[in-house]
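Counting in our numbering, the sequence shown runs from 1200 upward without gaps. Glycine residues also receive a C-beta, built at the ideal position from the N, C-alpha and C atoms.
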Amino acid sequence: MYYWVSANSSDFAGTPPQRRSGHSAVNIGKSKVVVFGGLVDKKFLSDIAVYDIEAKQWFQPECTGSGSDEHVGPSPRAFHVAVSIDCHMFIFGGRFGSQRLGDFWVLDTDIWQWSELSGFGDLPSPRDFAAASAVGNRKIVMYGGWDGKKWLSDVYVLDTISLEWMELSVSGTLPQPRCGHTATMVEKRLLVYGGRGGGGPIMGDLWALKGLIEEENEAPGWTQLKLPGQAPSPRCGHTVTSGGHYRVLQLLMFGGHGTGGWLSRYDIYYNDCIILDRVSAQWKRLSIGSEPPPARAYHSMSVVGPRYLLIGGFDGKTTYGDPWWLVPQEDPIANRLTAAPPRNIAESKEFAFNDDFQPQLKESQTEKFPFSELQRRLQISVSSSSLEIVNEFEDKELLEVASRLAGENVSTNSLAILTIRKHWRNSEPNMVKLKELGPLLRDYQRLIYRHYLERNASVQKPGFGEHVLHQFYHVKNATQLRMDDIPKLLAEYKQLPV
């Protein structure tokens, strides 16, 4: 179990970075997190903020060094790549206004000195929204991006000692060109997930690139990985972080920007946590016991010991500046939540009840069934502003669909609702009509909530759903569903008790 906890002044001294998105944050060993650049209110930034992990202190170093324009360090930018090797942070590209950048910098964090580097070899073109990762303790691999005219699918390897760039020649099947993806080196492979592709679609594919380790003598090649489990929704602007308790065995994905699914094209933002478990080679939802931060993309997520530190991000309207911790339940920071008196569901604003629904809430259950317990059992986090559970007899759309299906032979709403539920339980996915998706999703959420509400939290044996991840419980409405979600939603619905 993990908990999201908003950071406060008792967690560290100094001033954390101002709000921003499109910035970078890299770990320098286990001692520092260095935040650079970004964008806020159409203003591009070039400042540095450093978190000293041991001292638990933020500070702004006085950097030296200048480039061709006599500016100390890189010019303001966002959506660049940043990679750390030893005590150095390497910066390439990014955007300033509508200009894509192709300059190359290194910051020595021992003496806080910037140097502009003149690489040679196969120099990459200017770009933003690329992704890069360290390869061992000497090289950097960079993939993809956007050059202002086209999406890119090229792979470059930089030797940080010789400063030579080499474009990697990769044969076989290639991923679709993209930007806004992540690229994470895991042992001998570079794992690339998601991004926005040529023509604009947001993708949810996972690829592995081999041939980056010279000693292996492997020919460079891409392999698409299709892992079981609860795969993330397609997204870009997300983060993938290796760290925390299980830094060798798991990768943590958080947030990102997507579209509203196959029914609409509006933008949506995520605040879910998804684990890529390397032992079982499958996707898993991270069990969260508290309310998450607001959904966002183009943020940063850094490892601070067993904790993760979330900084900044953007949700289409708001640029965030509030730092958040994601911590395991035994962490002292988690005590702020777990030590607090639990809210009972009857007093919570997370759900709206009517008179028919409230009698099910017995006094003993409200005392023993705090909202956090509901979240723990479902292994989800429900936003207080996103989900409203109403009685089926007040769901006008459900009643309309049920009555139409039941026909004149059914005279009461109760029988009509039983008819539509029986219909869904006996239906194949291709039999579910478009107008039924909204009522089906809400009834699915209603049955989940009712089942967990009526179960006594003091029961020790796991009941139905203890090991079932109800992956659509948090979905606000049916427009967020994708075509391939319908069979999964229907299958989960059929397992729910009425």
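For a cut-off of 8 Å, the C-beta gap from Asp1683 to Phe1671 is around 12 Å, too long to register as a contact. Under DSSP, Asn1226 forms a beta bridge with Val1232. The beta-carbon separation of Asn1470 and Pro1493, rounded to 7 Å, stays under the 8 Å limit for a contact.
The continuous alpha helix (DSSP H) containing Lys1595 extends over residues Lys1595 to Ala1605. In this model, Ile1619 and Glu1627 are separated by some 14 Å (Cα to Cα). Rounded to the nearest whole angstrom, the CA to CA distance from Leu1695 to Lys1632 is 20 Å. By alpha-carbon distance to Leu1598, the top candidate from Ser1209, Gly1399, Glu1413 and Arg1641 is Arg1641. Its Cα nearest to that of Asp1210, the residue Pro1522 stands out among Thr1678, Arg1624, Leu1689 and Pro1522. The beta carbon of Ser1324 lies closer than 7 Å to those of Gly1301 and Asp1346 in the same chain, with the five residues before and after it left out.
Gly1520 is positioned such that its CB atom lies no closer than 9 Å to that of Pro1273. Where Tyr1392 is concerned, the enclosing beta strand (DSSP E) starts and stops at Arg1388 to Gly1396.
Here the alpha carbon of Val1354 sits roughly 52 Å from the alpha carbon of Asp1594. Residue range Asp1466 to Asp1476 is occupied by the beta strand (DSSP E) that includes Asn1470. Ranking Asp1240, His1270, Ala1224 and Ser1265 by CA distance to the CA of Asp1251 puts Ala1224 first.
If you compare the alpha carbons of Pro1275, Lys1349, Thr1359 and Leu1373 with that of Leu1316, the shortest gap goes to Thr1359.
Burial state of Asp1240 is exposed, judged by a 10 Å Cβ sphere holding fewer than 16 other Cβ atoms. Taking 9 Å as the cut-off, the beta carbon of Arg1377 is found no closer than this to the beta carbon of Gly1403. Cα atoms of Gln1528 and Ile1487: separation of roughly 9 Å, rounded to the nearest angstrom.
Under the three-state reduction of DSSP output, Lys1634 falls in the helix class. Beta bridge pairing from DSSP links Arg1294 with Ala1277 and Arg1299.
Here Arg1495 is buried: its Cβ has 16 or more other Cβ atoms, across all protein chains shown, within 10 Å. With fewer than 16 neighbouring CB atoms inside 10 Å of its own CB, Phe1319 falls in the exposed class. For Ile1284, the beta-bridge partners assigned by DSSP are His1287.
No Cβ-Cβ contact shorter than 9 Å links Gly1410 with His1437.
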